[in-house]
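Step one of this worksheet: look at the structure below.
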Amino acid sequence: MLPFLLRTGSGALAVLFQIFLNIHLASGQSCGCSSLIIPVHVDVLIPKDPADSFGGLKSNASDLRRLNETYDVFGVLCRPNTAPPGNPDAIQLLVHGFTYTNQYWSPPIEEFRNYSYTAFACDRGLSSLAIDLVGVGLSSRPTNASDVQYATNAAVLSQLARHLKTVPILPRIQPFKKVIAIGHSAGSATLTYGAIAEGRQSPFDGLILTGNLNIPPGTLPSLPGVMSARDDTPLRWGGLDPDYITTNNRSLFYPANPTSFSPRMLTFDAFTKDVGPISSQLQGSVTTLASEYSGPIAKVAGSEDQGFCAAEKCVDVAALYARERVFWPKARSFEVVVAQGSGHDLNLDFFAKGPFNTFVRLVEQFAGL
Ligand SMILES: *[C@@H]1O[C@H](CO)[C@@H](O)[C@H](O)[C@H]1NC(C)=O
Ligand SMILES: *[C@@H]1O[C@H](CO)[C@@H](O)[C@H](O)[C@H]1NC(C)=O
Ligand SMILES: *[C@@H]1O[C@H](CO)[C@@H](O)[C@H](O)[C@H]1NC(C)=O
Ligand SMILES: *[C@@H]1O[C@H](CO)[C@@H](O)[C@H](O)[C@H]1NC(C)=O
Ligand SMILES: *[C@@H]1O[C@H](CO)[C@@H](O)[C@H](O)[C@H]1NC(C)=O
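Residues -28 to -1, 1 to 341, numbered by mature numbering (1 follows the signal peptide of the UniProt record, and there is no 0), are exactly what the sequence shown covers, in order.
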């Protein structure tokens, strides 16, 4: 561990510490990864009521309050080591879903090393920054969970994307020309919120929204075992605001067929679970509004997603495309991919290579590589 404080020319970005580690890939190539803490300032209007189902997008000023804060965002930056190093101009910003962390994109244990999307992408020349959302993992966790809403984290992600395009994130790394975001589940909803709030001003050069479809509010099967994190695991989360929640059962995130994923995956999954703000469950209507976002978009769902693809919703892909397309009238391009066999957690079952190839293809397309 090499602690240091870096102040960049603009003063916009400070890296407070970094740890170098190496992920050695199956191919024998390697990828340099650094853990970073990036201070991100947000100045944003959020609903006074975290139960506002549209997360403030339909509110008038009297229903909103100003949040003017700087949060530390934890992230793992991975870049190809091989010379010439990958494509220096584009980076993927990877955004986890509810009760997950950055580790969704790279499970930190030997047995599941080949489920690392960051390693898969790095091996193909693509850099990535996988972050913990504010309130989660090693990022700042505001004392009051009501400060963490879709509006908050959407602003955090947009600010991060602007940093990546203007400031060297580490010494000797040029700012990136293109930032493509890949979200999973609530991470996709957060990116969607940002695309609605910012429209054409969005800093993202492409959005890949996985594990999240636009289905009418109230029709998504509710996640079992949701409770206050402090009641679920008092030793770890006993001091938290009760509006930080978690679940004691994430089996809905895997295909119903138990031969579709490793029998040890659920055990690993339980070890790595985290918390999320209650607003992430209460503001479910944020993705049911149209966006003026004008970049390219793709949505990727697992055919066996027990939530979003229940009741054969993803069987007729043309009909699914038509239902999704209407929310993105200005998108430069729009694509819907249904990954056959995959569950909600597309990265963590035996079918993951299919979605990984899809993500890389889309990133290369969106970045113009
Ligand atoms: C703001 O919206 C609330 C309900 O959403 C309504 O009661 C109130 O009258 C509105 N205020 C203004 C100034 O429009
Ligand atoms: C917002 O926060 C910034 C940085 O902490 C501070 O300089 C500024 O004065 C704040 N603005 C208001 C209106 O509080
Ligand atoms: C959290 O913040 C909100 C908005 O400022 C406030 O209404 C609420 O009382 C706070 N909750 C706690 C537990 O401090
Ligand atoms: C987890 O939830 C599923 C329903 O999604 C249920 O079938 C299963 O029995 C639950 N597992 C545990 C350990 O409670
Ligand atoms: C990882 O390897 C196992 C065992 O070879 C295989 O079943 C699984 O599909 C692989 N996962 C990925 C994402 O490639």
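Ideal Cβ placement from N, Cα and C applies to all residues, glycine included.
Shown here, Ala126 sits in a helix according to DSSP, grouped into three states.
For His13, the three-state secondary structure derived from DSSP is strand. Each of His13, Asp15, Asn40, Thr42 has a C-beta closer than 7 Å to some heavy atom of ligand 2; these make up the full list, in chain order. Contact annotation: Thr162 and Ala126 have beta-carbon atoms nearer than 8 Å. Restricting attention to Lys149, Val120, Pro175, the CA atom closest to the CA of Ala158 is found in Val120. The continuous stretches of beta strand (DSSP E) do not include Lys325, which lies in the alpha helix (DSSP H) extending over residues 325 to 339. Shortest Cα-Cα distance from Ala339 to any of Ile63, Asn40, Ser25 involves Ile63. For Asp24, the shortest separation between its Cβ and any heavy atom of ligand 3 does not lie below 7 Å.
Counting only beta-carbon distances shorter than 6 Å to the non-hydrogen atoms of ligand 4, the qualifying residues in chain order are Pro196, Asn221, Ser223, Leu224. Rounded to whole angstroms, the gap between the alpha carbons of Val308 and Val289 is 8 Å. Below 8 Å, enough C-beta pairs join the region 176 to 189 and the region 269 to 286 to call them touching: three or more.
Here Phe323 is buried, its C-beta having at least 16 other C-beta atoms within 10 Å.
Between ligand 3 and Asn116, a heavy atom-to-CB distance of less than 7 Å is present.
Assigned with DSSP and collapsed to three states, Gln75 falls in helix. In the DSSP annotation of this structure, Arg38 is not part of any alpha helix (DSSP H); the continuous beta strand (DSSP E) holding it starts and ends at 36 to 52. Ranked by Cα distance from Pro147, the first of Pro22, Ser7, Leu132 is Leu132. As DSSP reads the structure, Ile152 sits in a beta bridge with Gln64, Gly178. Residue environment for Phe331: buried (at least 16 other C-beta atoms within 10 angstroms of its C-beta).
Straight across, the Cα-Cα distance linking Lys302 with Lys137 is about 23 Å. In the structure shown, Phe306 adopts extended strand secondary structure according to DSSP, grouped into three states. Taking a cut-off of 8 Å for Cβ pairs, the region 230 to 249 and the region 107 to 119 touch, as three or more such pairs fall below it. Straight-line measurement puts the Cα of Asn319 at about 19 Å from the Cα of Gly97. Relative to ligand 3, even the nearest heavy atom lies 7 Å or more away from the CB of Asp204. The beta carbon of Ser78 is closer than 6 Å to those of Ser88, Thr90 in its chain, skipping five residues each way along the sequence. In the three-state DSSP reduction, Ser266 falls in the coil class, being neither helix nor strand. In the three-state scheme derived from DSSP, where H, G and I count as helix and E and B as strand, Lys271 is classed as strand.
In this structure, Asp213 has its CB closer than 7 Å to one or more heavy atoms of ligand 3. The beta carbon of Asp213 sits closer than 7 Å to those of Thr115, Asn116, Ala117, all from its chain and outside the five residues before and after it, given in chain order. In the three-state DSSP reduction, Pro230 falls in the helix class (H, G or I). Between Ile154 and Leu49, the C-beta spacing is not below 8 Å.
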